[in-house]
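Asks:
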Amino acid sequence: MTLGSSPLESTVWWAHTSTASDRLLDLLDETERTRNARFRLQSDRDRHLVGRALARLVLAERVGCAPEDVVFDLRCRSCEDKARTGAGGEDPSPHGKPVPTGAADGWEISVSHSGEWVVLALAEGVPVGVDVERISDSRDLDGLAAFTLADTERREWDTLPEAGRVGAFFGYWARKEALLKATGLGLSGGLRRVSVSPPNSRARLLGWEGGGGPDAAWLHDLERGPDYRSALALLTDRAVEPTVHQAEVALELLRR
Ligand SMILES: CC(C)(COP(=O)(O)OP(=O)(O)OC[C@H]1O[C@@H](n2cnc3c(N)ncnc32)[C@H](O)[C@@H]1OP(=O)(O)O)[C@@H](O)C(=O)NCCC(=O)NCCS
Ligand SMILES: [Zn+2]
Numbered sequence: 416m417t418l419g420s421s422p423l424e425s426t427v428w429w430a431h432t433s434t435a436s437d438r439l440l441d442l443l444d445e446t447e448r449t450r451n452a453r454f455r456l457q458s459d460r461d462r463h464l465v466g467r468a469l470a471r472l473v474l475a476e477r478v479g480c481a482p483e484d485v486v487f488d489l490r491c492r493s494c495e496d497k498a499r500t501g502a503g504g505e506d507p508s509p510h511g512k513p514v515p516t517g518a519a520d521g522w523e524i525s526v527s528h529s530g531e532w533v534v535l536a537l538a539e540g541v542p543v544g545v546d547v548e549r550i551s552d553s554r555d556l557d558g559l560a561a562f563t564l565a566d567t568e569r570r571e572w573d574t575l576p577e578a579g580r581v582g583a584f585f586g587y588w589a590r591k592e593a594l595l596k597a598t599g600l601g602l603s604g605g606l607r608r609v610s611v612s613p614p615n616s617r618a619r620l621l622g623w624e625g626g627g628g629p630d631a632a633w634l635h636d637l638e639r640g641p642d643y644r645s646a647l648a649l650l651t652d653r654a655v656e657p658t659v660h661q662a663e664v665a666l667e668l669l670r671r
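Going by this note's numbering, the letters in the sequence shown line up with residues 416 to 671, in that order.
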C-alpha cells in the first residue's frame with residue numbers, strides 16, 4: 416500500500432431489474448439494441464438493458480455530456496492477447512469489457528448482473544471490476560469448487576461446516592471474478608490463478624499467478640442481502656474509498 420497518497424474513489428450503483436422499461440431502450444446504441452433483442456429470456460434482456468442504460472446515464476452525469484455522447488468500446492483482453500501472439504482463435508463477434516470512449520474517455524466501468532440485481536462500478540483512470548452472484552444450490556458444488564478455488568482456498572473451504580459452504584463458495588467466486596473482470600480477461604484469466612482471503616474475513620488478494628503480488632489489487636465485499644454475494648476490485652496498490660448508491664437513487668436516474 417502506498418503511504419501518504421489520498422484514497423482513490425470508486426462509485427457503485429445498484430439497480431433492481433424491475434427498473435427495466437422500453438423507454439430505457441432509447442439509451443442504448445444500435446449494437447446494444449440488436450444484442451438486447453437477441454436474448455431469448457425477458458430476464459436476460461432486462462439485466463442487459465438496465466446495466467447499459469445505467470452505465471451511460473451515470474457517466475453522462477459525471478462528465479456533463481448527453482448520454483448518447485458516451486460510447487462503449489468492447490475489449491476482450493483474451494482475444495487481444497491471442498491476436499498479438501498470433502495464437503489464433505479470436506472470437507470475431509463484438510464482445511468483452513465495455514470501455515468508455517467519446518466524452519467519457521478515461522473512465523473505467525464494470526457491469527455485473529445476477530438474479531434480480533444489476534451492479535455498476537466506476538473509477539477514473541484505474542481498471543475496475545465488479546461481480547454479483549445469486550447463491551444457487553449447485554448439484555455439483557465440488558466440481559465447481561475444483562474449477563474455481565486455488566489450493567489454499569480449497570483447503571479453507573473444506574474446513575467449513577456444510578451449511579456455510581454454498582454461500583462461502585459464491586463469496587470466493589465474486590471476489591475472484593471481480594478481479595478478473597477488472598483486467599478485461601474475464602474468466603479466461605483463470606479463477607484458480609487468483610487466491611483471496613476466506614469469505615468470513617476482510618476481502619484481500621493473497622496471491623495471483625502471473626498477475627502480481629497482494630498489492631496488485633484492492634478488494635472489497637459489497638452487501639446485497641443474504642441471497643447474493645458481491646465484490647468490487649480495483650487494480651491499484653492504493654487505498655480505495657467506495658461510495659455505494661442504493662437502488663432508489665439509480666431508479667430516480669433511470670426514471671428521468
Ligand atoms: C464475460 C464474463 C466475465 C461475464 O461473467 P458473468 O458472471 O456471466 O456475468 P456478469 O453479469 O458478472 O458480467 C457480465 C458483464 O461483464 C462485462 N464483460 C464482458 N466481457 C468482459 C471481460 N472480458 N472482462 C470484463 N468484463 C466483461 C459486460 O459488461 C457484461 O455485461 P453486459 O454485456 O450486459 O454489459 C464471463 O462470462 C467470462 O469471462 N467469460 C469467459 C471469457 C471468454 O472466454 N469469452 C469468450 C470469448 S474470448
Ligand atoms: Zn474474446
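All residues carry an ideal CB built from backbone N, CA and C; glycine is no exception.
When DSSP labels each residue in this structure, what does Ser-529 get in the three-state scheme?
Replies: strand
Asks: To which residues of the same chain is Val-444 closer than 7 Å at the C-beta, ignoring the five residues directly before and after it?
Replies: What sits at residue 444 in the sequence shown is Asp, not Val. The answer is none, since no qualifying residue turns up.
Asks: In the DSSP assignment, find the beta strand (DSSP E) that holds Asp-488 and state where it starts and stops.
Replies: Bounds of the beta strand (DSSP E) holding Asp-488 are 485-490.
Asks: Suppose contacts are defined by Cβ-Cβ distances below 7 Å. Is Leu-647 in contact with Val-533 by that definition?
Replies: no
Asks: Measuring alpha carbon to alpha carbon, tell me which of Ala-583, Trp-623, Gly-626, Gly-604 ends up nearest Arg-617.
Replies: Ala-583
Asks: Determine, using beta carbons only, whether Ala-589 and Ser-425 come nearer to each other than 7 Å.
Replies: no
Asks: Closest to Ser-421 by CA distance: which of Gly-504, Ala-536, Asp-652 is it?
Replies: Asp-652
Asks: Just to confirm, does His-431 get its C-beta within under 6 Å of one of the non-hydrogen atoms of ligand 1?
Replies: no
Asks: Cβ of Pro-515 within 6 Å of any heavy atom in ligand 1?
Replies: Not so, every heavy atom of ligand 1 lies at least 6 Å from the Cβ.
Asks: When the Cβ atoms of the region 463-477 are set against those of the region 436-453, are three or more pairs found closer than 8 Å?
Replies: yes
Asks: Looking at the structure shown, is Ala-435 part of a helix, part of a strand, or coil, going by DSSP?
Replies: The three-state reading of DSSP puts Ala-435 in coil, since its state is none of H, G, I, E or B.
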